[in-house]
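Engineer: Take any residue in the sequence shown, note its place counting from 1, add 1, and you have its number in the numbering used here.
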Amino acid sequence: MAVVSLADTGLTQEEVVRLLQTTLKLSPGGAAAVIKKIQATGTVEVFGAKTLKVHDAVRALGLRHLELMGEPAVTAALLTLKELLIQGMEKNRDTSRIALLIQVFIKLNDVEPLIELAGEETFYEMGILVDVASSLASAVSSGSLDPGQTFWALDGLVFSLMRDSRYDEASSHLSTMEQILDAHGFEFREHLSLAMKKILFAAYLGHEKDVRREVESAAPKIPDSIHRRIFDYNHAFALWKLKRYKAAELLCKAVMDGYYEILGLEPKDVLGKNPDVLWKVIKRSDDVSEDIKHLADSLDLYAKILNAQGRKSGFSRIHAMKFYNMVNAYDSFVRLGQDAAEEFAEAGEYVGAREILEQQVLRVVSEMGLIGRMVQVRGQYAEILALCKDYAGAVSEIERLQHYLHGLEKDEAKELLNQIGNIVGIMRKGIHG
Numbered sequence: 002m003a004v005v006s007l008a009d010t011g012l013t014q015e016e017v018v019r020l021l022q023t024t025l026k027l028s029p030g031g032a033a034a035v036i037k038k039i040q041a042t043g044t045v046e047v048f049g050a051k052t053l054k055v056h057d058a059v060r061a062l063g064l065r066h067l068e069l070m071g072e073p074a075v076t077a078a079l080l081t082l083k084e085l086l087i088q089g090m091e092k093n094r095d096t097s098r099i100a101l102l103i104q105v106f107i108k109l110n111d112v113e114p115l116i117e118l119a120g121e122e123t124f125y126e127m128g129i130l131v132d133v134a135s136s137l138a139s140a141v142s143s144g145s146l147d148p149g150q151t152f153w154a155l156d157g158l159v160f161s162l163m164r165d166s167r168y169d170e171a172s173s174h175l176s177t178m179e180q181i182l183d184a185h186g187f188e189f190r191e192h193l194s195l196a197m198k199k200i201l202f203a204a205y206l207g208h209e210k211d212v213r214r215e216v217e218s219a220a221p222k223i224p225d226s227i228h229r230r231i232f233d234y235n236h237a238f239a240l241w242k243l244k245r246y247k248a249a250e251l252l253c254k255a256v257m258d259g260y261y262e263i264l265g266l267e268p269k270d271v272l273g274k275n276p277d278v279l280w281k282v283i284k285r286s287d288d289v290s291e292d293i294k295h296l297a298d299s300l301d302l303y304a305k306i307l308n309a310q311g312r313k314s315g316f317s318r319i320h321a322m323k324f325y326n327m328v329n330a331y332d333s334f335v336r337l338g339q340d341a342a343e344e345f346a347e348a349g350e351y352v353g354a355r356e357i358l359e360q361q362v363l364r365v366v367s368e369m370g371l372i373g374r375m376v377q378v379r380g381q382y383a384e385i386l387a388l389c390k391d392y393a394g395a396v397s398e399i400e401r402l403q404h405y406l407h408g409l410e411k412d413e414a415k416e417l418l419n420q421i422g423n424i425v426g427i428m429r430k431g432i433h434g
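Structural data, given as structure tokens:
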């Protein structure tokens, strides 16, 4: 059980046999016998006749037992699991286990694959951002990376910091990236990535002239329409940050229209269609998943721009959620669902807000194991329950969440306490008002 506990997702019986064989030096028959014994204990979940995994409730115990087996056994198990996961992805084109593979890279301190992935946006949709950022930071600090690796590791760190709105912490990394470019040149891809992050950082500081200067410097060097759309999206994001809403709206709309055209869709084609149906009607290309993700990002930004002008977002967020779902961008899916629920609640449509959280957001948080989102989402859900006058449900949620208070970061704890205060106010007004 200890060895199999390494996987937090299902492995085929053949994969488990190989994992046990390599780690415990068993024969195929011996490994099969061990599997039968484990299954007899009831600690393993079996999914149809295909895959099995250790119950989450006992995985922590299994991992502790694995540590006691010693470092050689742990390393052997991790190396075998890495090989199995890579082979499975190559054979079946199944990316559902990539988050587990990344965790294996981290545990093995195998930073090169992480650095190669650091510039990919979908890399940050797996709910393991903190672990990835920590691994990249350690790699940079070690001094063992070449200049190109250092640049992209820093690029990944800056991306994650900006994604969390921790812009102040990104400043020194941006300076180092600029020094690396000055010393080594590199290609347009590195220059463009740094330019876009400098634009976003200047917008965060409110320095409109710096944004304009960076845009004017970088724009003529963009080689094709693919990179132009990505650049324009970041420019539109910066304009939104600078409260230049009309300019942001026009630019963002142009970006959205471009991605719709590439996918062979119009906004009306998305109405009433689930992701599985949309997959059947879109134009396919080698970059289709990236195009879908970028369209979702653009719809998300467009909704923010409309809201900032006191206008409703219409179907922008709902459609963005569909597209995020199509490419397994679950972290963004949850964030958009929360924003949609908030917009519904602000419009007094409390039942609609509750349905979005119950039917979409909470389900994905649970199924995808997005632990980092759980407290925030359930706190919002408790507040929506109170607005729906389900006071008993709201109190029940808060009682469960209070157990997490001492383990939360300062900002997270403050947000939860604010939510509790809001709920108390809503209930007091509803009961006595």
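From the three backbone atoms N, C-alpha and C, an ideal C-beta is built for every residue, glycine too. A quick note: this is a predicted structure, and the numbers were derived from the prediction, not measured.
Grab me the residues of V352's own chain with a C-beta within less than 8 Å of its C-beta, minus the 5 sequence neighbours each way, in chain order.
Structural biologist: The residue labelled residue 352 in the question sits at position 351 within the sequence shown. C389, listed in sequence order.
Engineer: Give the straight-line distance between the Cα atoms of P268 and Y261, rounded to the nearest whole angstrom.
Structural biologist: Counted from its first residue, the sequence shown places residue 268 at position 267. Counted from its first residue, the sequence shown places residue 261 at position 260. Cα to Cα, P268 sits roughly 8 Å from Y261.
Engineer: Output the residue ranges of the alpha helix (DSSP H) runs that lie fully inside the segment 203-281 and measure 4 residues or longer, sorted by chain position.
Structural biologist: 209-219, 226-242, 246-263 and 268-271
Engineer: Rounded C-beta distance between A171 and F202? I'm assuming under 8 Å.
Structural biologist: Taking the first residue of the sequence shown as 1, we reach residue 171 at position 170. Taking the first residue of the sequence shown as 1, we reach residue 202 at position 201. Indeed they touch by this definition, with Cβ atoms about 6 Å apart.
Engineer: K26 by DSSP, collapsed to three states: which one?
Structural biologist: Here residue 26 corresponds to residue number 25 of the sequence shown, with the count starting at 1. Looking at K26 - three-state DSSP - the assignment turns out to be coil, as it is neither helix nor strand.
Engineer: Verify whether the separation of the beta carbon atoms of I1 and Q150 is less than 8 Å.
Structural biologist: An answer regarding residue 1 cannot be provided, because it is not within the stretch 2 to 434 covered by the chain.
Engineer: What is the rounded straight-line gap between the Cα of E410 and the Cα of M369?
Structural biologist: On the sequence shown, position 409 is the one that residue 410 refers to. On the sequence shown, position 368 is the one that residue 369 refers to. About 22 Å.
Engineer: How about L62: is its C-beta nearer than 8 Å to some C-beta of chain D?
Structural biologist: Of the chains in the structure shown, none is chain D; there is only one protein chain.
Engineer: Can you list, in chain order, the stretches of the alpha helix (DSSP H) that have 4 or more residues and sit fully within the segment 338-391?
Structural biologist: 351-357, 363-368 and 372-388
Engineer: Would you kindly work out how many angstroms separate the C-alpha atoms of K284 and D391, rounded to a whole number?
Structural biologist: Counting from one through the sequence shown, the residue named residue 284 turns up at place 283. Counting from one through the sequence shown, the residue named residue 391 turns up at place 390. About 45 Å.
Engineer: Return the CA-CA distance between Q14 and L62, expressed in angstroms with no decimal places.
Structural biologist: Indexing the sequence shown from 1 puts residue 14 at position 13. Indexing the sequence shown from 1 puts residue 62 at position 61. Distance between the alpha carbons of Q14 and L62 is about 21 Å.
Engineer: Hey, L302 and F238: beta-carbon distance below 8 Å or not?
Structural biologist: As a working mapping, residue 302 is identified with position 301 in the sequence shown. As a working mapping, residue 238 is identified with position 237 in the sequence shown. In this structure, F238 lies closer than 8 Å to L302 by Cβ.
Engineer: Apart from the five residues on each side of it in sequence, which residues of its chain come closer than 6 Å, Cβ to Cβ, to S290?
Structural biologist: Working through the sequence shown from its first residue, we reach residue 290 at position 289. V328, listed in sequence order.
Engineer: Which of the three DSSP states is assigned to D111 in this structure?
Structural biologist: Sequence index remark: in the sequence shown, residue 111 carries index 110 (1-based). In the structure shown, D111 falls within a coil segment according to DSSP collapsed to helix, strand and coil.
Engineer: Between which two residues does the alpha helix (DSSP H) carrying G157 extend?
Structural biologist: Reading the sequence shown from its first residue, position 156 is the one you call residue 157. Here the alpha helix (DSSP H) through G157 covers P148 to R164.
Engineer: Less than 8 Å between C-beta atoms, sequence neighbours within five positions excluded: which residues of the same chain meet that for N445?
Structural biologist: There is no way to answer for residue 445, as the model of the chain reaches only from 2 to 434.
Engineer: Helix or strand or just coil, what does DSSP make of M322?
Structural biologist: Stepping through the sequence shown from its first residue, residue 322 is reached at position 321. Shown here, M322 sits in a helix according to DSSP, grouped into three states.
Engineer: Please classify K242 as buried or exposed, where buried requires at least 16 neighbouring CB atoms within 10 angstroms.
Structural biologist: Here the question's residue 242 lines up with position 241 in the sequence shown. Buried is the call here.
Engineer: Would you grab the beta carbon distance between L64 and S6 for me? Rounded to a whole angstrom, and I think it's under 8 Å.
Structural biologist: By one-based count along the sequence shown, residue 64 stands at place 63. By one-based count along the sequence shown, residue 6 stands at place 5. Contact flag correct, Cβ pair sits at about 5 Å.
Engineer: When you compare the CB positions of I231 and V212, do they come within less than 8 Å of one another, or not?
Structural biologist: As a working note, residue 231 is residue 230 in the sequence shown. As a working note, residue 212 is residue 211 in the sequence shown. Contact flag unset, no.
Engineer: Taking the alpha carbon of S136 as the point to measure from, which residue in D258, Q360 and E113 has its own alpha carbon closest?
Structural biologist: Mapped onto the sequence shown, residue 136 falls at position 135. The shortest Cα separation from S136 among D258, Q360 and E113 belongs to E113.
Engineer: So is K26 buried or exposed if we call it buried at 16+ other beta carbons inside 10 Å?
Structural biologist: Here residue 26 refers to the residue found at position 25 of the sequence shown. Under this definition K26 is an exposed residue.
Engineer: In the DSSP assignment, the alpha helix (DSSP H) including V328 goes from what residue to what residue?
Structural biologist: Within the sequence shown, the letter at position 327 stands for residue 328. That residue, V328, is in no alpha helix (DSSP H); it is neither H nor E in DSSP.
Engineer: Suppose you measure from the CA of S169 to the CA of L158; what does that come to, to the nearest Å?
Structural biologist: The residue you call residue 169 lines up with position 168 of the sequence shown. The residue you call residue 158 lines up with position 157 of the sequence shown. The residue asked about is misnamed: residue 169 is Asp in this sequence, not Ser. Each residue's alpha carbon lies about 13 Å from the other.
Engineer: Assuming the contact rule is C-beta atoms closer than 8 Å, H320 and V271 should be a hit. Round their C-beta distance to whole Å, please.
Structural biologist: Walking along the sequence shown from the start, residue 320 turns up at place 319. Walking along the sequence shown from the start, residue 271 turns up at place 270. With 8 Å as the limit, H320 and V271 qualify as a contact, their Cβ atoms being about 5 Å apart.
Engineer: Please report the straight-line C-alpha distance between I99 and L82, rounded to a whole angstrom.
Structural biologist: As a working mapping, residue 99 is identified with position 98 in the sequence shown. As a working mapping, residue 82 is identified with position 81 in the sequence shown. Their backbone Cα atoms lie some 12 Å apart in a straight line.
Engineer: Would DSSP call G31 helix, strand or coil?
Structural biologist: Taking the sequence shown and counting its residues from 1, one reaches residue 31 at position 30. It is helical.
Engineer: Compute the distance between the beta-carbons of I424 and A393, then report whether it is under 8 Å.
Structural biologist: Reading the sequence shown from its first residue, position 423 is the one you call residue 424. Reading the sequence shown from its first residue, position 392 is the one you call residue 393. Not a contact, by the Cβ cut-off of 8 Å.
Engineer: Please report how far the alpha carbon of A361 lies from the alpha carbon of K274, in whole angstroms.
Structural biologist: On the sequence shown, position 360 is the one that residue 361 refers to. On the sequence shown, position 273 is the one that residue 274 refers to. According to the sequence displayed, residue 361 carries Gln and not Ala. Distance between the alpha carbons of Q361 and K274: 15 Å.
Engineer: Tell me, to the nearest whole angstrom, how far the beta carbon of V17 is from that of P29; I am working on the premise that it is less than 8 Å.
Structural biologist: Here the question's residue 17 lines up with position 16 in the sequence shown. Here the question's residue 29 lines up with position 28 in the sequence shown. The Cβ separation is near 11 Å, so there is no contact.
Engineer: How should A295 be labelled, buried or exposed, when 16 other C-beta atoms within 10 angstroms of its C-beta is the threshold for buried?
Structural biologist: Counting from one through the sequence shown, the residue named residue 295 turns up at place 294. Note on identity: in this sequence residue 295 is His, with Ala being the wrong assignment. The residue is buried, with at least 16 neighbouring Cβ atoms inside 10 Å.
Engineer: Once you ignore the five residues that flank G11 on each side, which residues in its own chain have a CB closer than 7 Å to its CB?
Structural biologist: For the purposes of this step, residue 11 is taken as the residue at position 10 of the sequence shown. Correct list, in chain order: F48, T52, L53 and K54.
Engineer: Measure the C-alpha to C-alpha separation of A436 and T24 and round it to an integer number of angstroms.
Structural biologist: The structure shown does not extend to residue 436, since the chain is modelled only from 2 to 434, so the question has no answer here.
Engineer: Report yes if the CB atom of E191 is closer than 8 Å to the CB atom of F160, and no otherwise.
Structural biologist: Counting from 1 along the sequence shown, the entry for residue 191 is found at position 190. Counting from 1 along the sequence shown, the entry for residue 160 is found at position 159. It is not a contact, given that the beta carbons lie outside the stated cut-off.
Engineer: Indicate the three-state DSSP secondary structure (helix, strand or coil) for S314 in the structure shown.
Structural biologist: Stepping through the sequence shown from its first residue, residue 314 is reached at position 313. Three-state result, S314: coil.
Engineer: Alpha carbon to alpha carbon, how far is H185 from P224? Give it in angstroms, no decimals.
Structural biologist: As a first step, residue 224 must be located in the sequence shown, where it is residue number 223. As a first step, residue 185 must be located in the sequence shown, where it is residue number 184. Whole-angstrom Cα-Cα distance: 20 Å.
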